[in-house]
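>
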Amino acid sequence: MISKKLLLSVLCFSVMGTIFISCDAEDGVDGRDGIDGVDGVDGVDGVDGEDGADLTVAEMDPLTGSIVSNDVFELKGGFSGTAELQMILTSADILPTDTTFVYGSYMDGAALYPYNDGSGTFAFINNLEADYSIARIRMNADLQPMEGDYIVNSTATAFTAMCSGSSINVEEHGFGPLYLSGGEWGGNAKGVFKVNPFRSSDDRVEADRLPALGEWSTENAVAIGKDAFPGQTVVFMGDDHSDNIYPQAHFGMYVGTLGDLYGGDLYVLRGKNPTETAIGGGGQLFEMGMAEDIEYDVEWVKVTERTIDELNQEAIDSLAIGFQRIEDIDWRRGSAEANREVYFNATGRIRSDNPDLNNRGTGFGRVYKLVLDPTDPTADAKLTVVVDGDLEGGKGDGMHSPDNILVTSNYAYIQEDPNGYADLNPEITGYAKLWQLDLNTGTFVEVLECNQTVASGMDIGNTDSMWEITGLIDVTDIIGASEPTFIGGAQVHGWRPGTNPATAQRADGKLFVDPTAIDEGSATMEGSFLFKLTGLPR
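UniProt numbering numbers the first residue of the sequence shown as 1 and each following residue consecutively.
#1: Which word fits Gly420, buried or exposed, when buried means at least 16 other C-beta atoms lie within 10 angstroms of its C-beta?
#2: First and last residue of the alpha helix (DSSP H) that includes Gly457?
#3: Is the CB-CB distance between Val492 and Thr485 below 8 Å?
#4: In the DSSP output, which residue or residues are listed as bridge partners for Glu276?
#5: Bridge partners for Leu406 per DSSP, in chain order?
#6: Does the contact criterion of 3 or more C-beta pairs under 8 Å hold for the region 300-318 versus the region 399-414?
#7: Give the single residue among Asp265, Thr100, Asn153 whose Cα lies nearest to the Cα of Phe236.
#8: Whose C-beta lies closer than 8 Å to the C-beta of Leu6 among residues of the same chain, with five residues either side of it excluded?
#9: Alpha carbon to alpha carbon, what distance is there between Met525 and Met87?
#10: With a threshold of 6 Å on Cβ separation, who are the neighbours of Asn169 within its own chain once the five nearest residues in sequence on each side are excluded?
#11: Can you list, in chain order, the stretches of the beta strand (DSSP E) that have 3 or more residues and sit fully within the region 489-537?
#12: Inspect the beta-carbon positions of Leu63 and Ala517 and report whether they are closer than 8 Å.
#13: Between Asp243, Asn188, Lys226, Ser217, which has its C-alpha nearest Gly252's C-alpha?
#14: Specify the secondary structure class of Gly259 as computed by DSSP and reduced to three states.
#15: Which class does Glu392 belong to by DSSP, given the choice of helix, strand or coil?
#16: Can you have a look at Pro501 and say buried or exposed, based on whether 16 or more other CB atoms are within 10 angstroms of its CB?
#17: Between which two residues does the beta strand (DSSP E) harbouring Asn116 extend?
#18: Is Leu372 near Arg340, with beta carbons less than 8 Å apart?
#19: Can you give me the C-alpha to C-alpha distance between Ala278 and Gly289, rounded to a whole angstrom?
#20: Do Gly263 and Ala212 have their C-beta atoms closer together than 8 Å?
#21: Is the region 186-204 touching the region 139-158 in the sense that three or more CB pairs, one from each, lie closer than 8 Å?
#22: Please report the Cβ distance between Ile151 and Val195, rounded to the nearest whole angstrom; I am assuming they are in contact, meaning their Cβ atoms lie under 8 Å.
#23: Is the region 139-149 close to the region 54-69, with three or more CB pairs under 8 Å?
#24: Please state whether the Cβ-Cβ distance between Arg351 and Asn244 is less than 8 Å.
#25: Taking its Cβ as the centre, do 16 or more other Cβ atoms sit within 10 Å of Ala207, making it buried, or is it exposed?
#26: If we count the other Cβ atoms within 10 Å of its Cβ and call it buried at 16 or more, is Pro247 buried or exposed?
#27: Can you tell me whether DSSP reads Gly43 as helix, strand or coil?
#28: Express the C-alpha separation of Ala141 and His241 in angstroms, rounding to a whole number.
#29: Which ranges does the beta strand (DSSP E) cover as unbroken runs of at least 3 residues, wholly within the region 113-166, from first to last along the chain?
#30: Is the region 354-361 touching the region 424-431, taking contact as three or more C-beta pairs under 8 Å?
#31: Excluding sequence positions up to five away, which residues of its chain have a Cβ less than 8 Å from the Cβ of Lys272?
#32: Just how far apart, CA to CA, sit Ser482 and Gly535?
#33: May I have a chain-ordered list of the alpha helix (DSSP H) segments no shorter than 4 residues that lie completely inside the region 326-363?
#34: Tell me which residues share the same chain as residue 590 and place their Cβ nearer than 8 Å to its Cβ, disregarding the 5 neighbours each side in the sequence.
#35: Considering only the alpha carbon of each residue, which of Asp260, Ile94, Val513, Ala490 lies closest to Ser465?
#36: Roughly how many angstroms separate the alpha carbons of Gly509 and Asn462, rounded to a whole number?
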């Protein structure tokens, strides 16, 4: 209860206040300001809140379309009406739910694996050659990117370029899943890298090499199917050794028990006639002694060295066939007999200061078919030049610098990486191309071409720095597609900040480099393309 005395006091003060406000009495002298009080002590900061939970796969928004037009490629001939190309991802794109991931420089070898988490998504493993790194991109069943990270970075590879790559999986090989990557140039870790495609990205600073497979200037290492030689694992290595005097690239083979990549034997390919002859004369000391569409007897020589210089010298001393820059390798799908057909590219080299070099090694490039013995991978085999880019008037006249190769049951798809020799042959026109070789008939036709004229009109690259088509893989069976489906890409040479400052960056201002892959100061920052291709026959 309020006391009467308190109530009376409040009433008196109210009346006095009313009187002073309503009358214009003369202002009194202002009193002095009071002294400020001492500031109070700051309160203690509150406890930080917990990080929000990561998005589930179901909550992720995929990238449904690239900002780069499909018109930067052109389907050719009959393929323009039967096939379709759709851009999946470029270095300029930003993943909606993983904005920190940047698709880096020189996309190259690739493989696709299903996640076994019930999400219906897939791990796309992709080499970024100029970033010396390997990326992993989660894709949905429509091959739309959802999130990305780097599972091997430039520290792990000692700044060695990760070029072509290949998959090992239980269905085809009897063990896995594993990803093999070729360490080719740059750092001091050349050879074959073995990667678990589902490893934690926290482990990206470390990577394992396979010493038993030897050190080469390795473009790729490819294990053929388990049905080819039951109970054995057979892996082929392509040596991208380039030399200006005489060809020194050799074709290697590793043979071990099923699933063993450490304790097997290593071999190099030697011709049964290891002598030097004129072009097409039948000698097999160097590749140019062999002519197109003639089958030659070859054999395997076991080697004991494993380090790069010693292994190369032992191969020379063994009279192994000298090729000019062996690039990618693949094997024919289908029956066990088909699995014993191996195809590989020699990309070639031309030197104006040594024209005799091309009497020994290819200039514009070649595609080879190797048929293995039915029961023993180390027994004698058969080697054929199936496409010869140096043969004037031949089916390969106009092809140049074949690099990557994909082989299905009935076709080989050959991807060009122009080496700067196009002006030396009037049959070579336009930009980098994808070719199709029919394995049954030998027919060789153009599938698509990079359209750098259109791209440069979009301020993407230019018309002088030739792109490379690369990384094409068949994913039809992996994703359960109802039509033939492939993933491939391009190294968009020339698309970099120095030449295209307006477009060689993302909308958020980031350049084409992911700091978890490589430091910006060491990066090329040149863009890459990734596309889906449907409707090609298999």
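We treat Cβ as the ideally placed atom computed from N, Cα and C, and that holds for glycine.
Since the structure is predicted, the reported quantities are computational estimates derived from the model, not experimental observations.
Reading from the atomic positions:
#1: Along the sequence shown, read from residue 1 onward, the residue named residue 420 stands at position 420. By the neighbour-count rule (16 or more Cβ atoms within 10 Å), Gly420 is not buried but exposed.
#2: Taking the sequence shown and counting its residues from 1, one reaches residue 457 at position 457. 452-457 is the span of the alpha helix (DSSP H), which, as asked, contains Gly457.
#3: Here residue 492 refers to the residue found at position 492 when the sequence shown is read from its first residue. Here residue 485 refers to the residue found at position 485 when the sequence shown is read from its first residue. No, these two residues do not count as a Cβ contact at 8 Å.
#4: As a working note, residue 276 is residue 276 in the sequence shown. Beta-bridge pairing links Glu276 to no other residue.
#5: Within the sequence shown, numbered from 1, the residue matching residue 406 stands at position 406. DSSP output for Leu406 lists Tyr413 as bridge partner(s).
#6: No: the two stretches stay apart, fewer than three of their Cβ pairs being nearer than 8 Å.
#7: Here residue 236 is taken as the residue at index 236 of the sequence shown, counted from 1. Comparing C-alpha distances from Phe236 to each of Asp265, Thr100, Asn153 shows the shortest one belongs to Asp265.
#8: Within the sequence shown, the letter at position 6 stands for residue 6. For Leu6, the pLDDT reaches just 31, beneath the cut-off of 50, and the residue's location in the model is therefore unreliable, leaving the point undetermined.
#9: Counting from 1 along the sequence shown, the entry for residue 87 is found at position 87. Counting from 1 along the sequence shown, the entry for residue 525 is found at position 525. When rounded, the distance between both Cα atoms is 20 Å.
#10: Within the sequence shown, numbered from 1, the residue matching residue 169 stands at position 169. Cβ within range, chain order: Gly176, Pro177.
#11: You should have 528-534.
#12: As a first step, residue 63 must be located in the sequence shown, where it is residue number 63. As a first step, residue 517 must be located in the sequence shown, where it is residue number 517. Cβ atoms of Leu63 and Ala517: not closer than 8 Å.
#13: Within the sequence shown, residue 252 is the residue found at index 252, counting from 1. The option with the nearest alpha carbon to Gly252 is Ser217.
#14: Taking the first residue of the sequence shown as 1, we reach residue 259 at position 259. Gly259: coil per DSSP, three-state reduction.
#15: Position 392 of the sequence shown, counted from the start, is the residue given in the question as residue 392. Correct three-state label for Glu392: coil.
#16: Within the sequence shown, residue 501 is the residue found at index 501, counting from 1. Result: exposed.
#17: Here residue 116 is taken as the residue at index 116 of the sequence shown, counted from 1. Run containing Asn116: none; DSSP gives neither H nor E here.
#18: Here residue 372 is taken as the residue at index 372 of the sequence shown, counted from 1. Here residue 340 is taken as the residue at index 340 of the sequence shown, counted from 1. Contact flag set, yes.
#19: The residue given as residue 278 occupies position 278 in the sequence shown. The residue given as residue 289 occupies position 289 in the sequence shown. Each residue's alpha carbon lies about 6 Å from the other.
#20: By one-based count along the sequence shown, residue 263 stands at place 263. By one-based count along the sequence shown, residue 212 stands at place 212. Cβ atoms of Gly263 and Ala212: closer than 8 Å.
#21: yes
#22: By 1-based counting over the sequence shown, the position of residue 151 is 151. By 1-based counting over the sequence shown, the position of residue 195 is 195. That belief holds up - the Cβ atoms of Ile151 and Val195 are roughly 7 Å apart, short of 8 Å.
#23: For the pair of segments examined, the region 139-149 was found to touch the region 54-69: the number of CB pairs separated by less than 8 Å reaches three.
#24: For the purposes of this step, residue 351 is taken as residue 351 along the sequence shown, with counting starting at 1. For the purposes of this step, residue 244 is taken as residue 244 along the sequence shown, with counting starting at 1. Contact: yes.
#25: Within the sequence shown, the letter at position 207 stands for residue 207. Burial call: buried.
#26: Translated into the one-based positions of the sequence shown, residue 247 becomes position 247. Buried, because 16 or more other Cβ atoms sit within 10 Å of the Cβ of Pro247.
#27: Taking the sequence shown and counting its residues from 1, the one referred to as residue 43 is at position 43. Per-residue confidence for Gly43 stands at a pLDDT of 47, beneath the threshold of 50, marking its modelled position as unreliable; no derived number is given.
#28: In the sequence shown, the residue the question calls residue 241 occupies position 241. In the sequence shown, the residue the question calls residue 141 occupies position 141. Distance between the alpha carbons of His241 and Ala141: 39 Å.
#29: 122-128, 133-139, 145-152
#30: no
#31: As a position in the sequence shown, residue 272 is number 272, starting the count at 1. Cβ within range, chain order: Gln284, Tyr296, Asp297, Val298, Glu299, Asp380.
#32: In the sequence shown, residue 482 corresponds to position 482, counting from 1. In the sequence shown, residue 535 corresponds to position 535, counting from 1. Roughly 10 Å between the two C-alpha positions.
#33: Counting only runs of 4 or more, we get 336-339.
#34: Residue 590 lies beyond the residue range present for the chain, which begins at 1 and ends at 538; the question has no answer from this structure.
#35: Residue mapping note: residue 465 aligns to position 465 of the sequence shown, counting from 1. The shortest Cα separation from Ser465 among Asp260, Ile94, Val513, Ala490 belongs to Ala490.
#36: For the purposes of this step, residue 509 is taken as residue 509 along the sequence shown, with counting starting at 1. For the purposes of this step, residue 462 is taken as residue 462 along the sequence shown, with counting starting at 1. One C-alpha to the other measures close to 21 Å.
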